[in-house]
Amino acid sequence: MPTISIPTALRQYVGGQAAINVQGDKIGAALTSLTAQFPDLKKHLFDANGKLRNFVNIYVNDEDIRYQQSEDTPIKESDEISIIPSIAGGAASEAEVLARAASPELNKEEIARYSRHLIMPEVGMEGQRKLKAASILLIGAGGLGSPLGLYLAAAGVGRLGIVDFDVVDHSNLQRQIIHGTKDVGRPKLQSAKDRLSDVNPHVQIDGYELALRSDNALEIIKDYDVVIDGTDNFQTRYLANDASVLLGKPNVYGSIFRFDGQASVFYPKGGGPCYRCLYPEPPPPGLVPSCAEGGVLGILPGIIGVIQATEAVKLIIGQGEPLIGRLLLFDALKMKFKELKLRRNPECPLCGDQPTIKELIDYDQFCGITPPVAQPPVAETSDWEITPVELKQRLDHGDQVTIIDVREPNEWQISNLENYGSRLIPLGQFADHVNELNREEEIVLHCKMGGRSAKAYEILKKAGFTKIKNLKGGILAWADQVDRSMPKY
Amino acid sequence: MSIKLTTEQIEQIKRHGEETYPEECGGLLLGVIENGARVISEVLPLKNIRQDSRHNRVELNPLDYARAEREAAKRGLGVWGYYHSHPNHPAVPSKFDQDYAPFTEWSYLIVSVHDGKAQELRAWTLREDRSQFDEEEMI
Numbered sequence: 003m004p005t006i007s008i009p010t011a012l013r014q015y016v017g018g019q020a021a022i023n024v025q026g027d028k029i030g031a032a033l034t035s036l037t038a039q040f041p042d043l044k045k046h047l048f049d050a051n052g053k054l055r056n057f058v059n060i061y062v063n064d065e066d067i068r069y070q071q072s073e074d075t076p077i078k079e080s081d082e083i084s085i086i087p088s089i090a091g092g093a094a095s096e097a098e099v100l101a102r103a104a105s106p107e108l109n110k111e112e113i114a115r116y117s118r119h120l121i122m123p124e125v126g127m128e129g130q131r132k133l134k135a136a137s138i139l140l141i142g143a144g145g146l147g148s149p150l151g152l153y154l155a156a157a158g159v160g161r162l163g164i165v166d167f168d169v170v171d172h173s174n175l176q177r178q179i180i181h182g183t184k185d186v187g188r189p190k191l192q193s194a195k196d197r198l199s200d201v202n203p204h205v206q207i208d209g210y211e212l213a214l215r216s217d218n219a220l221e222i223i224k225d226y227d228v229v230i231d232g233t234d235n236f237q238t239r240y241l242a243n244d245a246s247v248l249l250g251k252p253n254v255y256g257s258i259f260r261f262d263g264q265a266s267v268f269y270p271k272g273g274g275p276c277y278r279c280l281y282p283e284p285p286p287p288g289l290v291p292s293c294a295e296g297g298v299l300g301i302l303p304g305i306i307g308v309i310q311a312t313e314a315v316k317l318i319i320g321q322g323e324p325l326i327g328r329l330l331l332f333d334a335l336k337m338k339f340k341e342l343k344l345r346r347n348p349e350c351p352l353c354g355d356q357p358t359i360k361e362l363i364d365y366d367q368f369c370g371i372t373p374p375v376a377q378p379p380v381a382e383t384s385d386w387e388i389t390p391v392e393l394k395q396r397l398d399h400g401d402q403v404t405i406i407d408v409r410e411p412n413e414w415q416i417s418n419l420e421n422y423g424s425r426l427i428p429l430g431q432f433a434d435h436v437n438e439l440n441r442e443e444e445i446v447l448h449c450k451m452g453g454r455s456a457k458a459y460e461i462l463k464k465a466g467f468t469k470i471k472n473l474k475g476g477i478l479a480w481a482d483q484v485d486r487s488m489p490k491y
Numbered sequence: 003m004s005i006k007l008t009t010e011q012i013e014q015i016k017r018h019g020e021e022t023y024p025e026e027c028g029g030l031l032l033g034v035i036e037n038g039a040r041v042i043s044e045v046l047p048l049k050n051i052r053q054d055s056r057h058n059r060v061e062l063n064p065l066d067y068a069r070a071e072r073e074a075a076k077r078g079l080g081v082w083g084y085y086h087s088h089p090n091h092p093a094v095p096s097k098f099d100q101d102y103a104p105f106t107e108w109s110y111l112i113v114s115v116h117d118g119k120a121q122e123l124r125a126w127t128l129r130e131d132r133s134q135f136d137e138e139e140m141i
């Protein structure tokens, strides 16, 4: 019969024996057999819900059953089953000491304001005071940052830090609901501060009107309890992740693309993976479109942002199960949530067993973004580009110019240069149509802003075309400089 | 209950704390219960397997524990507690200590190590309802 060895401290509940014979071909059965023989032992091993207490580990020979099949782990006659306690300890962390010492009081107005929190036992006065004592850093006051800021301010977080250097643009208003029409042209940080102060004047809002970079990230992040990543580019995601892990802060992650969203909490200190465990390398630049290039359902960051806010609040009040080690995937079109288990990668260079990354790096280089070459003054054009004004002059002059638009059909619907004979060949199919083009003709390629058409330019150049030019600034520049009546998007 | 330790054993624990400073140290206490007191025969220093926050967190390898139990059994002893250090922090259990303490039947020893020098060693027991620690007499 298999035997279970009992740790010293619990032997008094099994008549002083060090090892007990049990019945069963699986661990679950063996444990039931054990507690059936010794009912007193049960409450020391299991909690009120019948689950093994978190410090109780069951080993079969040298393997923890949690990494086998837990209670369904099969056992043979000759197996040695051991009950082994987890032993951990530690001095109160600085955050613990601060939180206890400075647990702020709530005044009458705050109590009335947060009453719907206070009457729930999971939050209560203690939870609300933890929120008031908390500092959360929001990286980005855009699509994700908007619902995050609004709901965290409403929830009564004591201090919100916001990092954003961008200016409110009309195209933001479809989803960045913290900003309004009156804010177009204002710095996002100012607009966000005004709105959040109105939602909750008790929140201290600290703004950082700058780009988060390797030379400022650690300094900014160190005074916050939780970091929430609401950025829109890979360099900043890796930077925020690395800084958070190096400083031991949880990083609440969220991302959106068209109709899909993701959320998780990266917190190696809390036992889970970091962003690099999930995505060890960034995608090649230009592969994953930004919201400006790929589009996004405006409502989507609302859903994902509030999920991030929920996770932040749960971390602070210490309730519920956080998304540590879990990747939440959301498909808005199907209205389905899926979850993937994430494990910390023991070989992760940042949070693994033998970390090699101990400082912040050059993230532009890491993501393959070459720094912008010093642009020549606007008046000049380099050989490969033509400005909208120049193009218009050539067309007015009667020059034969073939204009190729490499955007997508739905963009063509918004605005196009059909009146000038422009032809649509979306970039994805461009290579297939190259042999339809006439090398002898002057070809001008354009897209929305100049990025995609630059790629088409490269394709033609490699195919030996020489009379090719890229429209500098794309159709948006045309709308600015040549045709003010044309809608911009 | 009270806990009986020899001066050498106390020194051994203090030295372990000084050796690992500024990181936390941890180890097990092997002994027997005699006349209502935990009498410690052996102090077993172990390795802190935490990868991060080693200055204020310690974790012992469960397999080290298993080995300690087997060794103790051979000599008629049991594992009756564990000790760890608090670098630059009082020898008082923290909330973390309380959340992670496995058994209410154990002695928990904490040594405060300040700037590389061991200060006081204090013993604690966890109440049956796990609500808090009480100081234990060291004899």
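Residue numbers (the numbering used here), protein chains in the order written: chain A, 3 to 491; chain B, 3 to 141. Beta carbons are placed, not taken as given, at the ideal position from N, Cα and C, and that holds for glycine.
- Taking 7 Å as the upper bound on Cβ-Cβ separation, chain A lies near residues Gln53, Asp54, Ser55, Asn58, Arg59, Val60, Glu61, Leu62, Pro64, Leu65, Tyr67, Ala68 and Glu71 of the region 45-72 of chain B.
- The residues Pro489 and Tyr491, in chain order, have a CB closer than 8 Å to that of isoleucine 416 of chain A in the same chain once the five nearest residues on each side in sequence are set aside.
- Taking 8 Å as the CB threshold, proline 24 of chain B stays off the interface with chain A.
- Leucine 302 of chain A and aspartate 262 of chain A have their C-alpha atoms spaced approximately 8 Å apart.
- In the three-state reduction of the DSSP assignment, valine 113 of chain B falls in the strand class, which pools E and B.
- Under the 10 Å beta carbon count, isoleucine 141 of chain B is surrounded by fewer than 16 other beta carbons and is classified as exposed.
- Apart from sequence neighbours up to five positions away, the residues of its chain that approach isoleucine 77 of chain A with a beta-carbon distance below 8 Å are Pro4, Gly26, Asp27, Lys28, Ile29, Ala32, Val62 and Ile83, ordered along the chain.
- By the beta-carbon neighbour count (other beta carbons within 10 angstroms, threshold 16), leucine 317 of chain A is buried.
- Excluding sequence positions up to five before and after leucine 419 of chain A, its CB lies within less than 8 Å of the CB of Ile405, Asp407, His448, Ile477 and Trp480, all in the same chain and listed in chain order.
- In this structure threonine 9 of chain B is exposed. Its beta-carbon is surrounded by fewer than 16 other beta-carbon atoms within 10 angstroms.
- When the Cα atoms are used, proline 24 of chain B and glycine 453 of chain A turn out to be separated by approximately 53 Å.
- Checking the DSSP bridge columns, you'll see valine 298 of chain A partnered with A/Arg260.
- At least 8 Å separates the CB of phenylalanine 135 of chain B from every CB of chain A.
- By the neighbour-count criterion, in which a residue is buried when 16 or more other Cβ atoms sit within 10 angstroms of its Cβ, isoleucine 363 of chain A is exposed.
- Asparagine 23 of chain A carries a strand assignment under DSSP once its states are collapsed to helix, strand and coil.
- Classified as buried, isoleucine 86 of chain A has 16 or more neighbouring CB atoms from the shown chains inside 10 Å of its CB.
- Tyrosine 255 of chain A is bridged by DSSP to A/Asp231 and A/Ser266.
- Restricting attention to alpha helix (DSSP H) runs no shorter than 4 residues, the region 397-455 of chain A encloses them at 411-416 and 429-435, ordered along the chain.
- A straight line joining the alpha-carbon of glycine 19 of chain B with that of tyrosine 226 of chain A spans about 31 Å.
- For aspartate 355 of chain A, a Cβ of chain B is located within less than 8 Å of the residue's own Cβ.
- One finds nothing in chain B with a Cβ atom closer than 9 Å to the Cβ of glycine 182 of chain A; even the nearest lies about 44 Å away.
- Beta-bridge analysis with DSSP links aspartate 66 of chain A to A/Tyr61.
- Under the DSSP assignment, methionine 127 of chain A falls in the alpha helix (DSSP H) whose first and last residues are 126-135.
- The Cβ atoms of alanine 103 of chain B and tyrosine 110 of chain B lie closer than 8 Å to each other.
- Secondary structure at asparagine 37 of chain B: coil, using DSSP grouped into helix, strand and coil.
- By the criterion of at least three beta-carbon pairs nearer than 8 Å, the region 159-177 of chain A is in contact with the region 210-222 of chain A.
- Spanning the alpha carbons of glutamate 387 of chain A and isoleucine 445 of chain A requires a straight line of approximately 11 Å.
- Among the CB atoms of chain A, one or more fall inside 8 Å of the CB of aspartate 99 of chain B.
- Collapsing the DSSP output to three states places tryptophan 480 of chain A in a helix.
- The C-alpha of valine 41 of chain B lies about 29 Å from the C-alpha of arginine 52 of chain B.
- In its chain, beyond the 5 residues on either side, Phe236 have a beta carbon closer than 8 Å to the beta carbon of proline 285 of chain A.
- By the rule that beta-carbons nearer than 8 Å mark a contact, proline 87 of chain A touches chain B.
- If you look at arginine 118 of chain A, you'll find it in the alpha helix (DSSP H) that goes 117-120.
- When rounded, the separation of the alpha-carbon atoms in glycine 52 of chain A and histidine 119 of chain A is 30 Å.
- One Cα belongs to tryptophan 108 of chain B, the other to proline 357 of chain A, and the distance between them is close to 35 Å.
- Rounded to whole angstroms, the Cβ separation of glycine 163 of chain A and leucine 133 of chain A is 15 Å, and the two are not in contact under 8 Å.
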